[in-house]
Structure formats: C-alpha cells, structure tokens
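Order-wise, the sequence lines are chains A and B.
Take the first sequence: its position 157, counted from the start at 1, is 161 in the working numbering, and no numbers get skipped.
Take the second sequence: its position 399, counted from the start at 1, is 400 in the working numbering, and no numbers get skipped.
Structure, as structure tokens:
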Amino acid sequence: MQLTLWTYEGPPHVGAMRIATAMKGLHYVLHAPQGDTYADLLFTMIERRNVRPPVTYTTFQARDLGGDTAELFKTACLEAYERFQPEAMIVGASCTAELIQDDPGGLAQALALPIPVVPLELPSYQKKENWGASETFYRIVRGLCPANTDKASRNPKSCNILGPTALGFRHRDDLNEIRRLLESLGVTVNVIAPYDARPSDIARLGDATFNVILYPEIAENAGRWLEKNCAQSMTTIVPIGIGATRDFIAEVGRLAGIDTTAFLAQETSRLPWYSKSVDSTYLTSKRVFIFGDATHVLAAERMARTEFGFDVVGLGTYSREYARQVREAATRLGVEALITDDYLDVEARIAELQPELILGTQMERHIAKRLGLPCAVISAPVHVQDFPARYSPQMGFEGANVIFDTWVHPLMMGLEEHLIHMFRDDVEFHDGAAPSHLGHASQKAPVGESVSEPMIAASTAQSEPINLEAGWSADAEKELKKIPFFVRGKAKRNTERYASELGITLINVETLYDAKAHFSR
Amino acid sequence: MNLPFRVPDQQVTAKGCVDQPVIRERGQREVFCGLTGIVWLHRKIQNAFFLVVGSRTCAHLIQSAAGVMIFAEPRFATAIIDERDLAGLADIDDELDRVVNRLLERRPDIEMLFLVGSCPSEVIKLDLKRAAQRLSSLHLPRVRVLNYSGSGIETTFTQGEDACLAALVADALPDTKPASLVVVGALSDVVEDQFNRLFASMGIENVGFLPARKAGSMPAIGPDTKYLLAQPFLNDTARALDELGATYIPAPFPLGANGTTAWLKAAADVFGVSDERFASATDAGHKRAEKALIRHRETLDGKSIFFFPDSQLELPLARFLHEELGMNLVEVGTPYLHRQHLRQELERLPAGTVLSEGQDVDRQLDRCRESQPDLIVCGLGLANPLEAEGFSTKWSIELVFTPIQGYDQAGDLAGLFARPLNRQARLGGL
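In structure tokens:
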C-alpha cells in the first residue's frame, strides 16, 4: 500500500484512453464500474475536447457481481459496435474489472465482430498511465500494421511521427512544430500516430523509411516493433532545446539522406541571443531542481546547463521505465537521482535542496507554493493551463523560445534581485514580495500558508534535521531576515550546519558571516 | 396574516407526479462514484481526513474531480493497493498501520479519520470496519477512525455523503444532551448560519447540524430529536437516525423561496410555532428571495430544461425551476429516486413530467438531442461535447459545490441556470 496525496500518473487504462481518444475510427470498450467514467472529463474539461472520448464503459454494479458480468460486457461491446461503427476496437478492463477476471479479450473475440478487435492486458496494480499508453499503442500497431520489409518501394525521405496522444503535455503544438520542421527539411510525413490517425493509417505505417519518436515513453515500444518487422530505423533524440533540436535535425538528415548543413546555418531561434544578452547574466548558476516525466526532465537538464547557464542541483522522474537514463544524467552531474512517484518524497528533497527555481509538474507547483519558491511547469500531469489557446510548443526552435519565456518568467529580474538585496526595508521589497512583474495579487499568501517566512518555516519543518544544538541570538535572527527570502533558507541551513560542526551553541551575527565565508570558498 | 406559502401553479394537482411511471435504465452511467463526496466533505468537517483505500484510479478520480489539484494541502489521500497486497504478501493491517501513522504524524490537526472503501477494496472484501475499530483503539483519544464505502459498485456521487453521515450517526455522535432539531446534510457554512438564525427567531432552540464543522461538535441524537433533511440523497443516514429513535419531518427541500418556506414550515409545525410567529420570522426572507428571482425569471420563463442524472438534487431543482421560474421540464433524470423523501417534491411537479432513474447515456443523449432543450443539466464529461453541438449546458457538479439552499441563495441558484443562457446570448456573434 502506498500513501498518495497526489498521483503523477493515472491508471494504465487512462493511458489506453489517451491513445483511443487521439485516434479516429477506433472505439474502446472498457469493463469498469460506475464512477470510472470520470476519465471522460479529463479530455472534455482539461483538454477542452468537443466530443466525448470514444469509450464505452460497462458500468457493472455490486448486484451484478454475483450474476453475469461477462454477459454485460458482451452486450456493451455489441451495442458499441452497432452504434459507433468503428473501423477497429480495443477492449480491456479497469482496476476493478481486473479483479473479477472476465477476460474482455476472449469475450470480444467470441462475438466475431467483422472488424479487428485488439485485446489489452493492462495490469492496474503494477503499471501506470504512460505504460498503459505505450502498451496500447504497441498492441494497436502490432495488431493492425502488417509486417513489411520491402524497403525498395519506399520514399527514402519519408517518415512517420509517432507518440503524440490526447491529453499530452503540449503534444498538439509539438506535433505541428516538428511536422513543419521535417517538411522544411524536405522530409515527407507518411503517417502521424496516434494523433488523428485512423486504424487504416496504422496499416500503412510500413510505407515510410523511418520513424520519428517524439515521446519515447509512449512510442518507443511501437518503434522497436516496427524496426524489427518493417525494417524501419527510428530517431533517438527528442528535439527539446536548441542543442537537441540541432542534433535531431542532423539525425533526421542521416536517416533520410539529406544534407542539413545549410538548413542549420539559417536557424532563427531567439533563445541563443536572449540567453547570451547581458540582461540574462543574472541567470548564471541559479540552482534548479528538475522533476517530471523522463523525456522532459532529460531535455530540461541539458537546456538548464547549456542554454540557461543554471546549476542543476537535483533531478528526478516518476517514469520508472526510464530511470536508468535519468540516473545516468544525475551521475554526470554528481547528484543523486530521485526516482519516485511519491509526492511527499519530492517535497522533502526540494525542501532539503532549497533550489532557486523548480522545473516540475503541477504537483511541484504546489510544493513551490508551500515553500515560497519560483516554479515553471515542464511536464505532465497536465492541468487546464497546460492547454493554452496560443501556439505553445516545447519542441523545435519555437519550443525553445517558449521555454525561455516560461522559465524566466517566475524569476526576479536581475536588477530587481540586486535592489532587494540592497534595500531590505523598502516597502515594495518586503519579505515575500513576488517578482514585480507578477503583480500584487501574488504577494498575498493563501490562507494557512506562510509566505512571510517561507524559507525558515520550510527549513525547520521540512528539511532533514541537522542535529541542532545551537539556537539563534536575536541579533543574528534579525540579520538573517536581511537576506533575501529566496536564498534565506539556504543561508540559515548552512549557518546551522557550520555551527553544529564547530559545536557553537548560540549563533550570533559573527557566526552568520563566518558561515557565509566558509561556504563561499 | 396570510401565510407566505404559495402554490401558484394550477398545473399542480393533488398528486403531481407521485404515481407517474418512471423510465428505468441500466447501461453506461456518466455519473461519479461516491468517493467524489470527499471533495466537499473534507472542506466541511475541518479536522477530518478521508483516506480512500483503493486503486490508482480512485486517487486519480478524486484529484481530477477536485478541479485538478486546487488544494496545496488537502485533507484526503489514497492508500493505493498494489500487487503485494492482492497477492497476500503484505499484511493489510500492517500496511494500513504504516500508512495511517505516516499520515497522522504529518497532520497533527486531524481528529477524525475516515477509511473510505472503494470498488477494489469491496471486491477483495477488505474489512475496513474492523480496521477502523482497531485503528481507533490505537489512536483514541486523539483520533477517532470511522469507515464507509464510496465505491462505484454501491454508490453514485452524492450517496458517498450519505454513507459518510450514516457512519457518523452509527459510531461517532456524543452522549451529551440530544438536540431537539437536527438539520441533516452538508450545507455551506453561510447557509447553516442563516437557517440557525431563522430557527432561533421562530423560537426553536437547541438546533444541531449534521455534519458539524468540527469532528468534536457533532450533535447528539435521542428519541426526542426531530430531523429535517437538507439534501435529498440521505437514505441510509435517515435510517440510522430512525434507529436512534429520531423522528423524520417530511418536507420538500429548501431550494427557492417556496421550497425554503415549505421546509421551514414543516419544522415549525412539528415544534408548534404559531402561524404569526412563523410569518414574522420568514416573511422578509421569502420576499427577498422572490425579488431576487424576478430578474432571472425574465431569462428562464418558458425555456425548456433537460436533466441528466447526477446529484439526486434533480427533482427538487426541477420543482423550483418549474414552480418559481416558469421553466418547462423535458426530462428529469436522477440516479436514484427515493420516493419517501421526495414525496412532496413529486407532488409539486407538473403531472406528465418525464422522470427517469438510472441511465443509459447514449440512449438518453438520443432523447435529449431529439427534444432540443434550451438548457441541459449534465456532468462534466458531457458538457463541452453538448456545447459543441450547439446546446447550452449547466454543469451539475456546481450545484453541490455552491451555496444554493435557503432564501438568500435562491437568486444565486436561479443565476446558475440563467448564466449559460445569458452567455449564449452575449457570445451569439462568435
């Protein structure tokens, strides 16, 4: 049993719904009790879809359990076929139906419907949403795409784009950005899947020469199957950030046999200049903590270091399937990777590290709010705000521009940071003053949350306890308050550690500055 | 002095819809399960915590239904059952102890903990009642542990509150002096205060509200206690109160000017409040409510409305919208029709109203499209798709999250239905 306040991923059948909802002409019959239909609102409310997800729920009740839930499933399956006339169907069970073991796959096969029916086995008590999406997409590709190793008839400059789903973090816009990029390179896009693909499109995946894997969490398994059965190579670089986008273009060039040198020379992204211009100097070595799905965390880690000049002080992911890659990145940085889906662990790590910026998910936004830290969202789980009306990709050159704005926005601007440091008693610069461009409303702490002393509260309540014998003298405490709140937690913690190492029992102003000198060596 | 009690509509016959046949459907239900009640219950009882024992789906449901993570520090969580629990490799008692200890360590403010059963915990027959008793014995007097089921195989949406309150009544009421009148059903604090003032001015004393705002201040119930239902979905809670000897006061529900007056009058009659005293206590409120409704009547009068089943508030809402705002009822769907508690609502609905119980969502959508209503009340899964087809919709979930009962909320309640139509008019050019 795991205590969960918030969950980073839904159950695996929600992953299957993300595939089904992204596609056209596919219907999902889900053996599930009343209440599981909540998942529809993820798509209709969070993503603002204007049609219901193509999902039929059998809606069994307690009184059915003694009777024939299998019959209920068969009826629901037949009625869904007759009503929606899909080209293909996927069938499976949600967590409760898994326990009653009705075998939806076998039951659906027995109906002998005149369309392909792909059975799904998604173990709800072991696996989660992204795994469910990946498995579903893999099963659909395997079930509907014939093996085809005839490379001769293929256009060598053609590819499929695999991975974008419904309810994906910026998938809608990433897809457009990358499609445009590929087309301007002279590459033909054969099929995009699962986004807007029909089962009949899946059947012609084999017509392309290679596959662009946009989101490995979702499409890598399908890509590997196609590699083996359709002799298609696949991309390995996710084009998030300037460096990664350049590398991606070079990789696509190699796979398609295109010389990309001239194209790369004409690159028009604003990020490189914005980052090099002097007013970005203040970004240098800001301490950032990164958490999210593996794809976005790995991309953010590279961007943070090489395109913003940040120090990555910690990183982690809830994607256990990609823990190895994240651990490797952490090892290169000399930090310990946090591989967990426990929100409380992430909160504890952030409180301990006291970063100056969190790049995380909507969950880390909560943590940031509690600890009074700036935060930008880089990854799913998604929120209605992650589907902005404007064009807002993460991938490609425009995606890098969007990310520059997104990450810099929550921070104090350089000059403002200095002024706060210098004039502590100015009314505008009081403790907890938000960056001025974020307006006055954000200075008000929500009820019950302490923003006036966020770092102190955080470091005493949250961080690993230092065996603290020393207390703070009134003078030292007053002096500590002169340190801007966004670095105060770190200063307090460092001073306490310094005092405890030296066996000092009362921290005075001298101790504070001795510690400062000690830690700035 | 005349009673401010009005029955204006000649269509209301003595029996209304009481003997009306009901369309009973059984198919896909686009309705939340009882776990969703946690979203408002955890805000209502300020020192209670709700721990769902269930699957990742349960955790995901509550977090999604709660408007996706609006609370930085919620008083609910899920103990997610994993394969080790299912395979019997982990001892369920040990696991629950560990989870509950971690939780209580983190939240020293919690005085009441509900273990909430779910579909998976019911199917694998976890005995949460025994677990709650055992945990109570470990954590009392600091924390009392109760249990109820919010599972989708047994409960729809608001029935979760019913199950929660029934558990409170069965196990957690104090032995102090019983209240004379108890209002049952979670109400917003502002509405509770208004009703308290109204009862006081009628001279009804010692009024309790269930649930109270704090775990430690629940009302005591005894054989002399009379109770009024403030919500129409409290079947099991009413039965538990009956078992303690309390007496049910039949009444319509306090929605709208008429509904509120009739509801208050039912209590006043039981407590022997004179007509004069009742009128002087309620006249002003009733008039205020009527005045607040006038503006919305302009928008809603003569418009047709279709209810998909959701909160079980559908019948009282339909009665209010028809009787006080002149709306035409196309179909009134409800997940479950409790004839005894809704008798006075059924009596007041116009004869011939189409009533449906349960759901087969695709068939109901067919009927709805066929009838082309001016306004559709439905859940969040259906609202945007119907809007995209050109219909105006009202999310039903808002009706359980908003103060809508009583005189001073009657205008707000009407406003919830008028707003989609006003919005449609404003955005007509888009």
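All C-beta atoms in this analysis are idealised placements derived from N, C-alpha and C, irrespective of residue type, glycine included.
Which residues of chain A have a Cβ atom closer than 9 angstroms to the Cβ of P75(B), listed in chain order?
As a working mapping, residue 75(B) is identified with position 74 in the second sequence. Chain A residues near P75(B): L9 and W10.
Within 10 angstroms of the Cβ of V406(A), are there 16 or more other Cβ atoms? Answer buried if so, exposed if not.
By 1-based counting over the first sequence, the position of residue 406(A) is 402. Buried: at least 16 other Cβ atoms inside 10 Å.
Can you check whether the C-beta of S454(A) is within less than 8 angstroms of a C-beta belonging to chain B?
In the first sequence, counting from the first residue as 1, residue 454(A) sits at position 450. Confidence at S454(A) is low in this model, with a pLDDT of 32, below 50, so its placement is unreliable and the value that follows should be read with caution. Taking Cβ atoms only, chain B never reaches closer than 8 angstroms to S454(A), which makes this a no.
Give a yes or no on whether 8 angstroms exceeds the smallest Cβ distance from S393(B) to chain A.
The sequence position of residue 393(B) within the second sequence is 392, counting from 1. No, S393(B) lies away from the interface with chain A (no Cβ there is under 8 angstroms from its Cβ).
Taking Cβ-Cβ distances shorter than 8 angstroms, what residues in chain B pair up with V55(A)?
Here residue 55(A) refers to the residue found at position 51 when the first sequence is read from its first residue. Within chain B, the residues near V55(A) are P386 and A389.
Are there 16 or more other CB atoms within 10 angstroms of the CB of L90(B), so buried, or fewer, so exposed?
Indexing the second sequence from 1 puts residue 90(B) at position 89. Exposed, by the Cβ-count rule.
is_contact[A80(B), chain A] using C-beta, thresh 8 angstroms
Sequence index remark: in the second sequence, residue 80(B) carries index 79 (1-based). Closer than 8 angstroms: yes.
Does H444(A) come out as helix, strand or coil in the three-state DSSP assignment?
By 1-based counting over the first sequence, the position of residue 444(A) is 440. Reliability of the predicted coordinates at H444(A) is poor, the pLDDT of 44 falling under 50, and the value obtained from them is presented with this limitation in mind. Reduced to three states, the DSSP call for H444(A) is coil.
Distance CB(A268(B))-CB(L229(B)) smaller than 8 angstroms:
As a position in the second sequence, residue 268(B) is number 267, starting the count at 1. As a position in the second sequence, residue 229(B) is number 228, starting the count at 1. Their beta carbons are under 8 angstroms apart, which means A268(B) touches L229(B) by this criterion.
Which residues in chain A have a C-beta closer than 9 angstroms to the C-beta of C165(B)? List them in chain order.
In the second sequence, residue 165(B) corresponds to position 164, counting from 1. Chain A residues near C165(B): none, gap ~16 angstroms exceeds 9 angstroms.
Integer-rounded CB distance, given that P175(B) should sit under 8 angstroms from A231(B)
Here the question's residue 231(B) lines up with position 230 in the second sequence. Here the question's residue 175(B) lines up with position 174 in the second sequence. 21 angstroms between Cβ atoms; not a contact.
By Cβ distance, which residues of its chain are closer than 6 angstroms to V122(A), with the 5 residues on each side in sequence left out?
Residue numbering aside, residue 122(A) sits at position 118 when the first sequence is read from its first letter. Excluding sequence neighbours, V122(A) sits near I94, R143, I144 and G147.
Using 10 angstroms around the beta-carbon of A478(A), count the other beta-carbons present and answer buried if the total reaches 16, otherwise exposed.
By 1-based counting over the first sequence, the position of residue 478(A) is 474. Answer is exposed; the Cβ neighbour count stays below 16.
Best match in L387(B), P75(B), F115(B) and V32(B) for proximity to F158(B) [C-alpha to C-alpha]:
By 1-based counting over the second sequence, the position of residue 158(B) is 157. When only C-alpha atoms are compared, the closest one is V32(B).
Please name the residue, chosen from A241(B), E325(B) and V101(B), that lies closest to H287(B) on a Cα-to-Cα basis.
Numbered from its first residue, the second sequence carries residue 287(B) at position 286. Per the Cα distances, E325(B).
How would you call W264(B), buried or exposed, if buried means at least 16 neighbouring beta carbons within 10 angstroms?
For this step, residue 264(B) is matched to residue 263 along the second sequence. By the 10 Å Cβ count, W264(B) comes out buried.
Which partner residues of A80(B) appear in the DSSP bridge assignment?
As a first step, residue 80(B) must be located in the second sequence, where it is residue number 79. Partner(s): L7(A) and V54(B).
Contacts around N498(A), its chain only, beta-carbon distance under 6 angstroms, and the 5 residues preceding and following it disregarded:
If you number the first sequence from 1, residue 498(A) lands on position 494. Only A519 and F523 meet the Cβ criterion.
Can you list, in chain order, the residues of its chain whose CB lies under 7 angstroms from that of L516(A), leaving out five sequence neighbours each side?
Here residue 516(A) refers to the residue found at position 512 of the first sequence. A480, E483, L484 and T499, listed in sequence order.
Got a sec? Which residues, its chain only, sit under 7 angstroms from F398(A) by beta carbon, not counting five neighbours each side?
The sequence position of residue 398(A) within the first sequence is 394, counting from 1. Checking the displayed sequence, the identity of residue 398(A) turns out to be Gln instead of Phe. If we look at Q398(A) and ignore the five residues flanking it on each side, its Cβ neighbours are R174, D178, I244, V406 and I407.
Proximity test, Cβ basis, 8 angstroms: P90(A) and chain B:
In the first sequence, counting from the first residue as 1, residue 90(A) sits at position 86. Output row for P90(A): interface = no.
Tell me which residues of the region 130-161 of chain A have at least one Cβ-Cβ distance to chain B shorter than 7 angstroms, keeping chain order.
Q130 and K132
What span of residues does the alpha helix (DSSP H) with R370(B) cover, start to end?
The residue labelled residue 370(B) in the question sits at position 369 within the second sequence. Its alpha helix (DSSP H) spans residues V362 to S372.
Rounded C-beta distance between G334(B) and S357(B)? I'm assuming under 8 angstroms.
To locate residue 334(B), count along the second sequence from 1; it is residue 333. To locate residue 357(B), count along the second sequence from 1; it is residue 356. Indeed they touch by this definition, with Cβ atoms about 4 angstroms apart.
Can you tell me which of L322(B), R298(B) and P317(B) puts its alpha carbon nearest to the alpha carbon of I306(B)?
Numbered from its first residue, the second sequence carries residue 306(B) at position 305. Of the candidates L322(B), R298(B) and P317(B), the one whose C-alpha sits nearest the C-alpha of I306(B) is L322(B).
Using a Cβ cut-off of 7 angstroms, pull out every chain A residue sitting near A60(B), in sequence order please.
Taking the first residue of the second sequence as position 1, residue 60(B) is located at position 59. What A60(B) touches in chain A: T8 and T11.
Report all residues from its chain with a CB closer than 7 angstroms to the CB of F88(A); omit the five preceding and five following residues, and keep chain order.
The residue given as residue 88(A) occupies position 84 in the first sequence. Counting only Cβ-Cβ distances below 7 angstroms, and skipping sequence neighbours, we find H31 and P58.
Are G257(A) and D263(A) closer than 8 angstroms when you measure CB to CB?
Taking the first residue of the first sequence as 1, we reach residue 257(A) at position 253. Taking the first residue of the first sequence as 1, we reach residue 263(A) at position 259. Yes, the Cβ-Cβ distance between G257(A) and D263(A) is below 8 angstroms.
Please compile the residues from chain B whose C-beta is within a distance smaller than 7 angstroms of the C-beta of L46(A).
Position 42 of the first sequence, counted from the first residue, corresponds to residue 46(A). In chain order: S65.
Which chain A residues sit within Cβ distance under 9 angstroms of I154(B)?
The residue given as residue 154(B) occupies position 153 in the second sequence. The contacting residues are P37, Q38, G39, F64, Q65, A66, R67, D68, L69 and T100.
Integer-rounded CB distance, given that S393(B) should sit under 8 angstroms from L422(B):
Position 421 of the second sequence, counted from the first residue, corresponds to residue 422(B). Position 392 of the second sequence, counted from the first residue, corresponds to residue 393(B). Indeed they touch by this definition, with Cβ atoms about 6 angstroms apart.
Between the region 22-39 of chain B and chain A, which residues of the former have CB atoms less than 9 angstroms from a CB of the latter, in chain order?
R27, G28, Q29, R30, E31, V32, F33, C34, G35, L36 and T37
Beta bridge counterpart(s) of I343(A) as assigned by DSSP:
As a position in the first sequence, residue 343(A) is number 339, starting the count at 1. Answer is T321(A).
Report all residues from its chain with a CB closer than 7 angstroms to the CB of T283(B); omit the five preceding and five following residues, and keep chain order.
Walking along the second sequence from the start, residue 283(B) turns up at place 282. Answer for T283(B): P5, L199, T262 and L265, listed in chain order.
Residues in the same chain with beta-carbon distance under 7 angstroms from R324(A), minus the five sequence neighbours each way, listed in chain order, please.
Residue mapping note: residue 324(A) aligns to position 320 of the first sequence, counting from 1. Cβ neighbours of R324(A) beyond the five flanking positions: I343.
Of all the beta strand (DSSP E) runs that stay within the bounds of the region 348-424 of chain A, which reach a length of 3 or more residues?
For the beta strand (DSSP E) assignment, the uninterrupted runs of no fewer than 3 residues enclosed by the region 348-424 of chain A are, from N- to C-terminal side, 361-364 and 379-381.
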